[in-house]
Amino acid sequence: DAGVTQSPTHLIKTRGQQVTLRCSPKSGHDTVSWYQQALGQGPQFIFQYYEEEERQRGNFPDRFSGHQFPNYSSELNVNALLLGDSALYLCASSLIGLNTEAFFGQGTRLTVV
Amino acid sequence: ELKVEQNPLFLSMQEGKNYTIYCNYSTTSDRLYWYRQDPGKSLESLFVLLSNGAVKQEGRLMASLDTKARLSTLHITAAVHDLSATYFCAPYAGNMLTFGGGTRLMVKP
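Keeping their order, the protein sequence lines are chains A and B.
Using the working numbering, count along the first sequence one by one with no gaps and you end on 118.
Using the working numbering, count along the second sequence one by one with no gaps and you end on 297.
In C-alpha cells:
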C-alpha cells in the first residue's frame, strides 16, 4: 500500500516564476492538506481540499492556489515566487471525519534563487 | 486563532535520563498529534490523542493529554541516541493541524 507520495522531491526556481507541486494521497483517503515548513520552524497550514473544493485556508496570499482531482490527488501552485517561499512543502492525506490520522508525504524541497 | 507553544525548544540530554516536553495550546481542539522529524525528512506520526486523560505509550515515549488545561506532554524514559530528532505537537481544530515550534532533542552518549 503506497503511502502519500509527492513530486518532485527537490526543485530550484527563480524569483517571479511559477511552480506546481503534486501529491497523491494514501489509498482510501479523500482529503489532502498542504503545509509549508520553513527551515527551523514548524509546518504552517496552507489549505485543505475535499471533494475537489478548498475546504479551509490558512494565512497565505492568493499566490498560493490548489486543486484536487477526482482521483483525490492534489496540486499546489505558487505564482510570482519570492525568496521567502523557499521551504519544505508537505502534503498530508486523511479520511474525512473525526478521529482519523493524517499521514504526511516525504515533502518537496523548493529553493527560490 | 489557535496558538501552540512547546517547551523547551532545545533539549540536550544524556542517555539513560528521563525528560518531559510540554505542549500548551490556546483554544479547544478535537484531538492532538505528536510527530517526529529527522533532519531533512518528513513528519512521522507518533501518537494521536483523542480525549481528555488519554495516555499512549510506544517504547520509551509516552504522551498524555489534558484538554481542560490545554496541555499535552511527551515523556521520554531512559533516552537513547536514536531518539535524537525534532518533536512537534499539533492540535487539530478548524480542519487543520496547528504545529508548535518543535523541540529539538539531542541525546548524548
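Where a beta carbon is used, it is the ideal one built from N, C-alpha and C, also for glycine.
What you are looking at is a predicted structure, and each value in this text was computed from that prediction instead of being measured.
Rounded to the nearest angstrom, the gap between the Cα atoms of Val-268 of chain B and Tyr-207 of chain B is 12 angstroms.
Phe-198 of chain B is outside the set of residues whose beta carbon lies under 7 angstroms from a beta carbon in chain A.
In terms of beta-carbon proximity, Phe-235 of chain B stays away from the interface with chain A, with every pair separated by 7 angstroms or more.
For Lys-191 of chain B, the number of other beta carbons within 10 angstroms of its own is below 16, and it is reported as exposed.
DSSP, read as helix, strand or coil, puts His-34 of chain A in coil. In the DSSP assignment, Thr-208 of chain B falls within the beta strand (DSSP E) that extends over 207-213.
Annotation for Thr-14 of chain A: Gln-111, Gly-112, Thr-113, Arg-114 place their beta carbon closer than 8 angstroms to its own, counting only its chain and skipping 5 residues before and after. Burial check for Phe-198 of chain B: the Cβ neighbour count within 10 Å stays below 16, so the residue is exposed.
Close partners of Thr-215 of chain B in chain A (Cβ separation under 7 angstroms) are lacking, with about 15 angstroms as the shortest Cβ gap. Ranked by Cα distance from Gln-73 of chain A, the options A:Val-83, A:Gln-61, A:Asn-84, A:Tyr-54 are led by A:Tyr-54.
The closest CA to that of Leu-293 of chain B, considering only B:Phe-276, B:Tyr-213, B:Asn-240, is found on B:Phe-276. Taking 7 angstroms as the CB threshold, Asn-283 of chain B lines the interface with chain A. Looking at the DSSP output, Ala-273 of chain B bridges to B:Leu-293.
Three or more beta-carbon pairs drawn from the stretch 16-34 of chain A and the stretch 68-83 of chain A are found closer than 8 angstroms, and the two stretches are therefore classed as touching.
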